[in-house]
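J.:
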Amino acid sequence: MDKKDNKVLGHLICGILAVFSVCDVKADDPYRYYTWTVTYGTISPLGVPQQVILINGQFPGPSLEVVTNNNIILNLINKLDQPFLLTWNGIKQRKNSWQDGVSGTNCPIPPNSNYTYKFQAKDQIGTFTYFPSTLFHKAAGGFGAFNIYQRPRIPIPYSWPDGDFTLLIGDWYKTSHKALQGSLDSGKSLPFPDGILINGQVTTTFTGDQGKTYKFRVSNVGFSTSFNFRIQNHTMKLVEVEGSHTIQNVYDSLDVHVGQSVAVLVTLNQAPKDYYIVASTRFSRSVLTAEAILHYSNSHTPASGPLPAPPKYGLHWSMLQARTFRWNLTANAARPNPQGSYHYGKVPITKRIVLASSPAWINGKQRYAVNRVSYINPDTPLKLADHFNIPGVFSESTIQIQPSDGPAFVATSVILTSLHDFIEIVFQNTENTMQSWHLDGYDFWVVGYGSGQWTEAKRRTYNLVDALTRHTAQVYPKSWTAILVSLDNQGMWNLRSALWERQYLGQQVYLKVWNPVHSLANEYDIPSNVLLCGKAIGRHP
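Residue numbering for the sequence shown is -27 to -1, 1 to 514, as defined by mature numbering (1 follows the signal peptide of the UniProt record, and there is no 0).
(1) Can you list, in chain order, the stretches of the beta strand (DSSP E) that have 3 or more residues and sit fully within the segment 157 to 220?
(2) With DSSP collapsed to three states, give me the class of residue 461.
(3) Measuring CB to CB, does residue 441 end up less than 8 angstroms from residue 217?
(4) At a cut of 8 angstroms, does the segment 359 to 379 reach the segment 292 to 300 through at least three beta carbon pairs?
(5) Looking only at its chain, what residues have a beta carbon closer than 6 angstroms to the beta carbon of residue 21, apart from the 5 residues adjacent to it on each side?
(6) Take residue 232 as the anchor and find which of 102, 156, 395, 253 has the nearest alpha-carbon.
(7) Helix, strand or coil: how does DSSP classify residue 403 here?
(8) Candidates 265, 142, 93: which alpha carbon is nearest residue 116's?
(9) Please report how far the alpha carbon of residue 337 lies from the alpha carbon of residue 490, in whole angstroms.
(10) If you check the beta carbons only, do residue 58 and residue 105 fall under 8 angstroms apart?
(11) Given this structure, state the Cα-to-Cα distance separating residue 196 from residue 280, to the nearest angstrom.
(12) Spatial neighbours of residue 494 within its chain, please: C-beta separation below 7 angstroms, excluding the five flanking residues on both sides.
(13) Could you give the distance in angstroms between the alpha-carbon of residue 329 and the alpha-carbon of residue 370?
(14) Would you report the Cα separation of residue 514 and residue 387, rounded to the nearest angstrom?
(15) I need the boundaries of the alpha helix (DSSP H) containing residue 359, first residue and last residue.
(16) Whole angstroms is fine: what's the gap from residue 208's alpha carbon to residue 240's?
(17) Which residue wins for smallest C-alpha separation from residue 182, given the options 263, 244, 163?
(18) Express the C-alpha separation of residue 309 and residue -18 in angstroms, rounding to a whole number.
(19) Roughly how many angstroms separate the alpha carbons of residue 283 and residue 488, rounded to a whole number?
(20) What are the residues that DSSP puts in a beta bridge with residue 133?
(21) Taking a contact to mean a Cβ-Cβ separation below 8 angstroms, would you say residue 355 touches residue 460 in this structure?
(22) Terminal residues of the continuous alpha helix (DSSP H) containing residue 291?
(23) Start and end of the beta strand (DSSP E) containing residue 447?
(24) Measuring only the C-alpha atoms, how far is residue 70 from residue 132?
(25) With a 10 Å radius around its C-beta and 16 neighbouring C-beta atoms as the bar for buried, classify residue 443 as buried or exposed.
(26) I'd like to check one pair, residue 52 with residue 79: are the Cβ atoms closer than 8 angstroms?
(27) Once you ignore the five residues that flank residue 301 on each side, which residues in its own chain have a CB closer than 7 angstroms to its CB?
(28) Taking the alpha carbon of residue 320 as the point to measure from, which residue in 266, 306, 395 has its own alpha carbon closest?
(29) Could you check the C-alpha separation between residue 189 and residue 234 for me, to the nearest Å?
(30) So, residue 263 versus residue 169, is the Cβ gap smaller than 8 angstroms?
(31) Rank 173, 200, 67 by C-alpha distance to the C-alpha of residue 463 and give the top, closest one.
(32) Beta carbon of residue 372, beta carbon of residue 458: below 8 angstroms?
(33) Drop a sphere of 10 angstroms on the beta-carbon of residue 380, count the other beta-carbons inside from all chains shown, and report buried for 16 or more, exposed for fewer.
(34) If you check the beta carbons only, do residue 214 and residue 298 fall under 8 angstroms apart?
(35) Have a look at 481, 153, 212 and flag the residue whose alpha-carbon is nearest the alpha-carbon of residue 349.
(36) Please check the pair residue 149 and residue 23, which I expect to be a contact at CB under 8 angstroms, by giving their CB distance rounded to whole angstroms.
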């Protein structure tokens, strides 16, 4: 590409990104630089002053708005009184679990110190988030949007919207994060949340022009509760789920589970007035509701009438809706090839894993276990222990890949897999509560949902044609969810509950995706600025 073409490409990208105010570096520069300072602040999101976590003084934190394949150089300065990490929810971190930002891969950033993340938004387009992974910091804030836009040469399967709104929605507590963590450490469960926030507020307004179409990026950044999202008198066309372009079905409302993200197109085709945007909890013992306003720019009439009602039906309705989320096989992905060109339904499965989670009472305290093992974080990150061959940090033989009978126990458990394995994972939920599972470093095909106990005969019900890829899958009460994963990303990857109480109390495990041959084609070397802690102190990268 000559200089003239490069300049034209730069102008094209800047033209696209100007709408989103993200062209803060040269558009043809593949690197994007950020400096974020993490502090405490006092605000009143539910009307009561409380300590929250701010990033550059903002709650929620700044949005990361980047283009596919941008390299992110983000210097994070920790001014809290506790160690801190951010994890990038849904960002694949190709060959680079060193930057994953969870306790199994990274030492936390000490107070009054910093760490520079270096990673690439490789081959992704879509709606993602970031949040703190340490302790119970997520209950204080520190989360934000991570939106990846396509390169100009890659068409998306819908007309470019007239605007782009991000909605970070989640349950919230008035109690401080330290008090909530203390409650869990003492063996108690979390209380029911106090409310729902939309973009850190009880009420917020989104303004658009009559007749125009806008993209709404909706993410569940909460701790424990699914919600249903709807807009008064407006329908929503689903166009993307966590990086997958979808068949563009139209919905009156959508269930969004903890850790998940969706993007919908909404056309402002009603009379010029204001309309309610509503999120309300689902499958909870009581219903919490948050409201926002969709304001037509030519409106002089406030929103009125009853709030749009949630679905009349529960779990079965929600599962049926989830099955309607299908992959758009004719659309490009982040590269100019059809998303369905990789026929996942025809790839031989090399390993089958069934994970059954359950509450566990261990040493007089409430915990959660996966196949009888309740995970505990060691002082030394697993990734460092593996790199430096430090024994005694984790075990590759503790957890079984099928459920078994017996008492639960605590351990630092790792499931050993091989690079380029193609695996099936079934999440079995034997409880009466909704669950949600997330896998770092990957997206996966959600091929099946079903009620009751999973059996091998259930494979006949799998969608092996156009199942979505996503990074977080819900598991309904007394039900199962099945996924297929192509293990093409070497590293140590966290497979965890997205419900933060359950993750904190042991409902997680790590997948070690391993190849005996050292090659930069498979995984990057340990970064020169790596933080060292635990048994890795004094080692040389």
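Beta carbons are placed, not taken as given, at the ideal position from N, Cα and C, and that holds for glycine.
T.: The short version:
(1) 168 to 171, 178 to 181, 186 to 193, 199 to 204, 209 to 214
(2) Walking along the sequence shown from the start, residue 461 turns up at place 488. Of the three classes helix, strand and coil, the one that applies to residue 461 here is coil, per DSSP.
(3) Along the sequence shown, read from residue 1 onward, the residue named residue 441 stands at position 468. Along the sequence shown, read from residue 1 onward, the residue named residue 217 stands at position 244. Yes, Cβ-Cβ distance for residue 441 and residue 217 is below 8 angstroms.
(4) no
(5) Walking along the sequence shown from the start, residue 21 turns up at place 48. Counting only Cβ-Cβ distances below 6 angstroms, and skipping sequence neighbours, we find 147.
(6) By 1-based counting over the sequence shown, the position of residue 232 is 259. Nearest of 102, 156, 395, 253 to residue 232, Cα basis: 102.
(7) In the sequence shown, residue 403 corresponds to position 430, counting from 1. Residue state, collapsed to three classes: coil.
(8) In the sequence shown, residue 116 corresponds to position 143, counting from 1. The candidate whose alpha carbon is nearest that of residue 116 is 142.
(9) Along the sequence shown, read from residue 1 onward, the residue named residue 337 stands at position 364. Along the sequence shown, read from residue 1 onward, the residue named residue 490 stands at position 517. So the two alpha carbons sit approximately 45 angstroms from each other.
(10) The residue given as residue 58 occupies position 85 in the sequence shown. The residue given as residue 105 occupies position 132 in the sequence shown. Yes, they are a contact pair.
(11) Residue numbering aside, residue 196 sits at position 223 when the sequence shown is read from its first letter. Residue numbering aside, residue 280 sits at position 307 when the sequence shown is read from its first letter. If you take the alpha carbons of residue 196 and residue 280, they lie about 25 angstroms apart.
(12) Residue mapping note: residue 494 aligns to position 521 of the sequence shown, counting from 1. So the list is empty, once near-sequence residues are dropped.
(13) Position 356 of the sequence shown, counted from the start, is the residue given in the question as residue 329. Position 397 of the sequence shown, counted from the start, is the residue given in the question as residue 370. Straight-line Cα distance between these residues: approximately 17 angstroms.
(14) Translated into positions along the sequence shown, residue 514 becomes position 541. Translated into positions along the sequence shown, residue 387 becomes position 414. Approximately 23 angstroms between the Cα atoms of the pair.
(15) The count along the sequence shown starts at 1 and reaches residue 359 at position 386. Residues 355 to 361.
(16) Here residue 208 refers to the residue found at position 235 when the sequence shown is read from its first residue. Here residue 240 refers to the residue found at position 267 when the sequence shown is read from its first residue. In a straight line, the C-alpha of residue 208 is about 8 angstroms away from that of residue 240.
(17) Residue 182 sits at position 209 when you count from the first residue of the sequence shown. Nearest C-alpha to residue 182: 244.
(18) Taking the sequence shown and counting its residues from 1, one reaches residue -18 at position 10. Taking the sequence shown and counting its residues from 1, one reaches residue 309 at position 336. For residue -18, the predicted structure reports a pLDDT of 40, less than 50, and the residue's modelled location is therefore unreliable. The matter cannot be settled from this model.
(19) Stepping through the sequence shown from its first residue, residue 283 is reached at position 310. Stepping through the sequence shown from its first residue, residue 488 is reached at position 515. If you take the alpha carbons of residue 283 and residue 488, they lie about 49 angstroms apart.
(20) Sequence index remark: in the sequence shown, residue 133 carries index 160 (1-based). Bridge partners of residue 133: none, in fact.
(21) Numbered from its first residue, the sequence shown carries residue 355 at position 382. Numbered from its first residue, the sequence shown carries residue 460 at position 487. No. Outside cutoff.
(22) Looking up residue 291 in the sequence shown gives position 318. Element bounds for residue 291: 288 to 296.
(23) To locate residue 447, count along the sequence shown from 1; it is residue 474. That run of the beta strand (DSSP E) goes 445 to 448.
(24) Along the sequence shown, one-based indexing puts residue 70 at 97. Along the sequence shown, one-based indexing puts residue 132 at 159. One C-alpha to the other measures close to 35 angstroms.
(25) Start at 1 with the first residue of the sequence shown, and residue 443 comes out as number 470. Classification of residue 443: buried, given that the 10 Å Cβ count is 16 or more.
(26) Here residue 79 refers to the residue found at position 106 of the sequence shown. Here residue 52 refers to the residue found at position 79 of the sequence shown. Result no, Cβ atoms of residue 79 and residue 52 do not sit closer than 8 angstroms.
(27) Taking the first residue of the sequence shown as position 1, residue 301 is located at position 328. Correct list, in chain order: 130, 218, 219, 220, 312.
(28) Residue mapping note: residue 320 aligns to position 347 of the sequence shown, counting from 1. Out of 266, 306, 395, 395 has the C-alpha closest to the C-alpha of residue 320.
(29) Stepping through the sequence shown from its first residue, residue 189 is reached at position 216. Stepping through the sequence shown from its first residue, residue 234 is reached at position 261. In a straight line, the C-alpha of residue 189 is about 10 angstroms away from that of residue 234.
(30) In the sequence shown, residue 263 corresponds to position 290, counting from 1. In the sequence shown, residue 169 corresponds to position 196, counting from 1. Closer than 8 angstroms, so yes.
(31) Residue mapping note: residue 463 aligns to position 490 of the sequence shown, counting from 1. With distances taken between Cα atoms, residue 463 lies closest to 67.
(32) Within the sequence shown, residue 372 is the residue found at index 399, counting from 1. Within the sequence shown, residue 458 is the residue found at index 485, counting from 1. Not a contact, by the Cβ cut-off of 8 angstroms.
(33) The residue you call residue 380 lines up with position 407 of the sequence shown. Exposed.
(34) Counting from 1 along the sequence shown, the entry for residue 214 is found at position 241. Counting from 1 along the sequence shown, the entry for residue 298 is found at position 325. Contact: yes.
(35) Counted from its first residue, the sequence shown places residue 349 at position 376. Looking at the Cα atoms, 481 is the closest of the given residues.
(36) The residue labelled residue 149 in the question sits at position 176 within the sequence shown. The residue labelled residue 23 in the question sits at position 50 within the sequence shown. Right, the Cβ-Cβ distance comes to about 6 angstroms (below 8 angstroms), so this counts as a contact.
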